[in-house]
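Okay, structure first, notes after.
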Amino acid sequence: MNNLNNYLFTKYSKRDKSITFANNFCENSPLNNGITMNYKNIFFRFSGLLLAFFLLQLTYTVQAQKTNFTLVLDAGHGGHDPGAVGAIAREKDLNLNVILRLGALVEKNFKDVKVVYTRKTDKYLTLQQRADVVNSNHADLFISVHTNAAKSSAAYGAETFTLGLAKSKANLDVAMRENSVILLEDDYKAKYKGFDPNSVDSYIMFEFMQDKYIDKSIDLASNIQKQFVNYARRSDRGVRQAGFWVLHRSACPSVLIELGFISNKAEERYMASENGQKELATSIYNAFVRFKHDHDKKSGVAAFSTDNKEILRSNDHAETDEPEQKPVADNKPVTDKSKPAENDAQQVIDNAFANNTTSITSKNAQLNHDVPVFRVQILASGRKLNADAADFKGQKNTNYFVENGLYKYTVGSETDYNKISNIHKELRSRFPDCFIIAFVGDKKMSAKDALKLIK
Ligand SMILES: [Zn+2]
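Residue numbers for the sequence shown follow the working numbering, so the first one is 30 and each next one is one higher.
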């Protein structure tokens, strides 16, 4: 340490011409005057501290470089490509607003994350240009945000896609719609190597494709959906796979989010509202916090990101980053208490996406969480049904919950198994396949398992 002190002092002295005795540590040297000794003493006292500080800075710089993480944020569409168009909003604007809010949250809370935007303004980029931004920045994560649209105004809810072969026509339809922006380019056939976004055959390539990032992408997608439900109180349409060109070309974990349906009046209003955009962005941010935490843990450098916490809803009795904003007048946000009007006749039971078990919150939430409540499930539907839909065969007072992307409709709510059994018998004439299910608190279970709890 003395040698080091000596060395540091020499360096210091070379800069400071007033001190000329740096190398002279002989106390009785005639050249040692009082003033120099004072400097020397002071320096001796603090040089150890300075060295420690210097080493700490060096360690921090090395660590910070190591943890440097690049997040590419992509607001779908832009410029002359508006994306899906609703009654009061355009997809390109909704996507951008949510992306900018999300980016601001990450920039504010993660000093070791570089946020790169494919666009920060209303400008057009091809899908290939977006993927180029991901790859030229050696991104660690790519998040693309879009807004859904359907022919039926009844469809609503949020879904998150990872790359893969679409297992349903609905998933393929979303990919086809989002990929169709390719057709806006003059020479798309040459640029996209014969990939035709409108031809089903073009999508077969995704079946044989290996995606080494798939596990991480699915993890993130699941957490985003979980946050959409728990934080933003959205309806969960689940994690899905489909062949998105922009995900296919990006060499890192990547997800494409469909925030909600612009074709559904209430959901469009929610997404166009400041509160809605804030909730959606915060949900994605919260999922990112988890992703980054896992990433750091795997890289063995978790120490510098432990302060980054998820933002919780204020009604969860936890701190929020910013105060909840009051809804703007005439711009009523949609929460679980104000679902689309067509379902007013139905009591709404929302799902919460938790460990594949369905959580429910109902107006007549069970007071005693240990007592099973029995219901008869009469039908399941891929979309939300109007109260007067023919599917109900005149049955009134139905409830529903959402599980695995399906709306499941039930009748009755009884703690007495005999009572629900009678309702079941009566319903079987119109709904031959109906069956009894049970909820204990938030957890859905089979009637058989629930009966075991009673005995
Ligand atoms: Zn889109």
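Ideal placement from N, C-alpha and C gives every residue a C-beta, glycine not left out.
In chain order, THR99, VAL101, VAL145 place their CB closer than 7 Å to the CB of ASN166, counting only its own chain and leaving out the 5 sequence neighbours on each side.
Contact between GLY107 and LEU154 is confirmed by a C-beta separation of about 6 Å, below the 8 Å threshold. Burial state of ASP103 is buried, judged by a 10 Å Cβ sphere holding 16 or more other Cβ atoms. The straight-line gap separating the alpha-carbon atoms of LEU408 and TYR217 is approximately 44 Å.
One alpha carbon belongs to VAL162, the other to ARG278, and they sit about 11 Å apart. The set of residues with CB atoms less than 5 Å from any heavy atom of ligand 1 reads, in chain order, GLY105, GLY112, HIS175, GLU207. In this structure, PHE320 lies away from ARG269, with their beta-carbon atoms at least 8 Å apart. Inter-segment contact for the stretch 303–323 and the stretch 201–215 is absent: fewer than three beta-carbon pairs are separated by less than 8 Å. Each residue's CA atom was taken as its position, placing LYS180 and LYS448 some 41 Å apart.
Taken in chain order, the unbroken stretches of alpha helix (DSSP H) that lie wholly in the stretch 169–241 and span 4 residues or more are 198–208, 217–220. In this structure, LEU285 places its C-beta atom within 8 Å of the C-beta atom of PHE273. Between VAL405 and THR444, the C-beta spacing is not below 8 Å. In the DSSP assignment, ILE291 falls outside any beta strand (DSSP E), carrying neither H nor E.
Taken through DSSP and simplified to helix, strand or coil, ARG342 comes out as coil. Shortest Cα-Cα distance from GLU339 to any of ASN138, GLY105, ASN97 involves ASN138.
Cα atoms of LEU192 and ALA133: separation of roughly 26 Å, rounded to the nearest angstrom. Counting the other CB atoms within 10 Å of its CB gives GLN256 a total of 16 or more, which places it among the buried residues. Taking one beta carbon from each stretch, the stretch 289–305 and the stretch 113–122 have 3 or more pairs nearer than 8 Å; the two touch. The beta-carbon distance between GLU207 and HIS175, rounded to whole angstroms, is 6 Å. This is short enough to meet the 8 Å contact definition. As computed with DSSP, LEU100 is found in a beta bridge with VAL144, LEU170.
Here LEU482 has PRO401, VAL469 as same chain residues with Cβ atoms under 7 Å from its own Cβ, once five neighbours each way along the sequence are excluded. The DSSP assignment places 274–277 as complete runs of the alpha helix (DSSP H) inside the stretch 252–277, in order along the chain (cut-off: 4 residues). Pairing VAL275 with SER209 gives a Cβ-Cβ distance that is not under 8 Å. Annotation: ALA416 is outside any beta strand (DSSP E) and is labelled neither H nor E by DSSP. As the crow flies, the alpha-carbon of SER231 is around 6 Å from that of ASP225.
Residue pairing from DSSP leaves GLU308 without any beta-bridge partner. Of the candidates ASN315, MET205, ASP323, the residue whose Cα lies closest to the Cα of ILE233 is MET205.
With a contact defined as Cβ atoms closer than 8 Å, ARG412 and TYR436 qualify at about 7 Å. In this structure ALA280 touches ASN164 by the C-beta definition: roughly 5 Å separates them, less than 8 Å. GLY423 sits in coil when the DSSP states are folded into three classes, being neither helix nor strand. HIS109 counts as exposed, since fewer than 16 other beta carbons sit within 10 angstroms of its beta carbon.
Rounded to whole angstroms, the Cβ separation of HIS453 and ILE466 is 10 Å, and the two are not in contact under 8 Å.
If you draw a straight line from the Cα of GLU120 to the Cα of SER182, it is about 16 Å long.
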